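Single-structure report; data block below.
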Amino acid sequence: MKIVSYGVIDSSEKIDSLITGTKGIRIYNIPYRDIGMVISGSDRSSMKISNDNASDYNIVVEHLMKKFTVLPVLPLRFRTPVNKKDILPIMENNYYDFKDNLKRIRHKVEFGLKVVWKGDEVKDWITREYKRDAYGKLKAYDPRGIKFIEDVFDKYVIEKEFKDMADIFIAIVDNFLGRFASEKRFEKLKSKNLLLKALYLIDKKRQQEFKEAFDVFRIAPGNLDYTLRGPLPPFNFVEIEGMETQRSYK
Amino acid sequence: MLSASQGWQFWNSMGDITSTSDPFKLLNLANEFDRAGVLTYAIELYIKILDQYPDTLEAVAARLAVFLIAKRYENEGNKETAISLVRKVTVIANENC
């Protein structure tokens, strides 16, 4: 029998609830020692990728997060059907990993930050600075070397300066936001304009403080665009050997 | 960024070009102090960048950093320091206009 799992929770207590706000989803907790896997029965429609199903999944997870620490791990995440007979082996084989992760993420939520800059403008700025002075000096020194020097500038120096500058901007942003986080993960310069994709693991008690700190960026100088997503279950901070987490930000 | 008057460059033994510039070095150092929580030193260097290299990308970064430090002071209840910091940056910006 196929079921839908919503994750592992830090409780083995009995749950049998109809979740309001969903299309009649009833959830159950399958206990294993002192933890449990929260599941619901599934039909074909609940396996489909749709906004309704995604919304239902989020409602259930949010409902669980109010009372428990929720460990959303593959193959237990949204739209991944699990065979009922596989639940016990999953719990048995991963019990200590589940426990360790539950401890790490207990009372914590995840926030995703995106920082966008104008990559072309930054590169133009860097190139302009070089051309203005350094090129003139080199020209006087050795005109035959200009082409080669230009290539080096374009391929190496400008790129290096671009990355160095990105690192500095990221550090400035993180100096401000990172102090709220117990763990963080960065992806730098995933594209020319995407300066930073960061994930912060924040204690629930500090999430308001973190959100208020983020609001400061709305009026900050520097011509960067910031977006914040969360609070979310800490999908990206789950570390279980042999099990893939939702995304890799390591 | 490098400029002939402000920075330096050389060919190293590997035939590679290495370059850096004064404002970038200052910014890097300021950021290290900022990260280490030595805010007075960090501010001094950020202000120096704004004052001496106002039209550089480093100045853009320094302005953001000083703004965020001022906000930290404000959040910690140290409003006077925050205001004087913002005032200082505004004065420098006006002088450079």
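Heads up: the sequence lines are chains A and B, in that order. Quick note on numbering: this note's numbering labels position 249 of the first sequence as 249, and the sequence is numbered without any gaps. Count along the second sequence from 1, add 250, and you get the number used in this note's numbering. Note that CB positions come from ideal geometry on N, CA and C, so glycine has one too. All values derive from a computational prediction rather than experimental measurement.
Cα-Cα separation between residue i and residue j, rounded to whole angstroms
i: I170 (chain A); j: D124 (chain A); result: 19 angstroms
i: E324 (chain B); j: N223 (chain A); result: 22 angstroms
i: K67 (chain A); j: H107 (chain A); result: 10 angstroms
i: K338 (chain B); j: H63 (chain A); result: 49 angstroms
i: K155 (chain A); j: L314 (chain B); result: 28 angstroms
i: N101 (chain A); j: V238 (chain A); result: 6 angstroms
i: A384 (chain B); j: A309 (chain B); result: In the structure displayed, chain B extends from 251 to 347; residue 384 (chain B) sits before or after that span and is not available.
i: D301 (chain B); j: V316 (chain B); result: 13 angstroms
i: Y296 (chain B); j: N346 (chain B); result: 15 angstroms
i: D305 (chain B); j: E129 (chain A); result: 10 angstroms
i: K321 (chain B); j: D164 (chain A); result: 25 angstroms
i: L113 (chain A); j: E282 (chain B); result: 22 angstroms
i: G287 (chain B); j: D167 (chain A); result: 18 angstroms
i: A292 (chain B); j: K23 (chain A); result: 55 angstroms
i: V336 (chain B); j: T69 (chain A); result: 42 angstroms
i: N83 (chain A); j: V61 (chain A); result: 20 angstroms
i: A280 (chain B); j: E209 (chain A); result: 26 angstroms
i: V152 (chain A); j: S334 (chain B); result: 44 angstroms
i: F148 (chain A); j: W117 (chain A); result: 30 angstroms
i: N93 (chain A); j: K85 (chain A); result: 14 angstroms
i: T340 (chain B); j: D284 (chain B); result: 21 angstroms
i: R218 (chain A); j: G327 (chain B); result: 21 angstroms
i: Y303 (chain B); j: D225 (chain A); result: 24 angstroms
i: E294 (chain B); j: K275 (chain B); result: 14 angstroms
8 angstroms Cβ cut-off: residues of chain A touching residue i
i: V310 (chain B); result: P221, G222 and N223
i: A332 (chain B); result: None at all; the shortest Cβ gap to chain A is about 12 angstroms.
i: D284 (chain B); result: A171, I172 and N175
i: N281 (chain B); result: I168, A171, I172 and N175
i: L295 (chain B); result: Simply none; closest approach about 12 angstroms.
Beta-carbon proximity of residue i to residue j, cut-off 9 angstroms
i: F180 (chain A); j: A220 (chain A); result: no
i: I15 (chain A); j: I27 (chain A); result: yes
i: L199 (chain A); j: L189 (chain A); result: no
i: L318 (chain B); j: I39 (chain A); result: no
i: F162 (chain A); j: D174 (chain A); result: no
i: I59 (chain A); j: I105 (chain A); result: no
i: V115 (chain A); j: F176 (chain A); result: no
i: Y95 (chain A); j: I35 (chain A); result: yes
i: P233 (chain A); j: P72 (chain A); result: yes
i: S17 (chain A); j: R33 (chain A); result: no
i: K211 (chain A); j: L228 (chain A); result: yes
Among the options, the one whose alpha carbon lies nearest that of residue i
i: P273 (chain B); options: B:G327, B:D284, B:I299 and B:T290; result: B:I299
i: F235 (chain A); options: A:I19, A:I202 and A:Y156; result: A:I202
i: R206 (chain A); options: A:I126, A:K155, A:L102 and A:E110; result: A:E110
i: G119 (chain A); options: A:S12, A:L194 and A:L18; result: A:L194
i: E121 (chain A); options: A:S182, A:K160 and A:K192; result: A:K192
i: T127 (chain A); options: A:K103, A:K160 and A:K99; result: A:K160
i: S182 (chain A); options: A:R218, A:Y226 and A:K103; result: A:K103
Cut-off 8 angstroms between Cβ atoms - residues of its own chain near residue i, not counting five sequence neighbours on either side
i: M37 (chain A); result: S5, G7, V8, I9, N29, I30, L76, I87, I90 and M91
Interface partners of residue i on chain B, CB under 8 angstroms
i: F176 (chain A); result: L318, K321 and R322
Cβ neighbours of residue i in the same chain (closer than 6 angstroms, five flanking residues each side left out)
i: D97 (chain A); result: I240
i: I342 (chain B); result: L300 and D301
i: G21 (chain A); result: I59
i: N344 (chain B); result: none
i: K99 (chain A); result: none
7 angstroms Cβ shell around residue i - same chain, five flanking residues per side excluded
i: L277 (chain B); result: I299, E308, A311 and A312
i: L289 (chain B); result: I319
i: K329 (chain B); result: none
i: M65 (chain A); result: P233
i: D178 (chain A); result: Reading off the sequence, residue 178 (chain A) comes out as Gly, not Asp. K184.
Within chain B, partners of residue i - CB distance below 9 angstroms
i: I202 (chain A); result: Here the premise fails: no neighbours, minimum Cβ distance about 16 angstroms.
i: V109 (chain A); result: Going along chain B, no residue has its Cβ under 9 angstroms from V109 (chain A), so there is no contact; the nearest lies around 21 angstroms.
Contact set between residue i and chain B, taken where Cβ atoms lie within less than 7 angstroms
i: V115 (chain A); result: Simply none; closest approach about 11 angstroms.
i: I9 (chain A); result: Those within 7 angstroms of I9 (chain A) in chain B number zero; the least Cβ separation is about 35 angstroms.
i: V122 (chain A); result: L307
i: I15 (chain A); result: Neighbours of I15 (chain A) on chain B: none; closest Cβ ~40 angstroms, over 7 angstroms.
Contact list for residue i against chain A, beta-carbon separation under 9 angstroms
i: R337 (chain B); result: By Cβ distance, chain A contributes nothing, its closest Cβ being about 15 angstroms from R337 (chain B), past 9 angstroms.
Neighbouring residues, chain A, relative to residue i (Cβ below 7 angstroms)
i: L314 (chain B); result: I172, A220, P221 and G222
Any C-beta of chain C under 9 angstroms from that of residue i
i: N325 (chain B); result: Absent here is chain C; the protein component of the structure consists of chains A and B.
Any non-hydrogen atom of the ligand GTP closer than 8 angstroms to residue i Cβ
i: I168 (chain A); result: Ligands in the displayed structure: none, and consequently the ligand GTP is not present.
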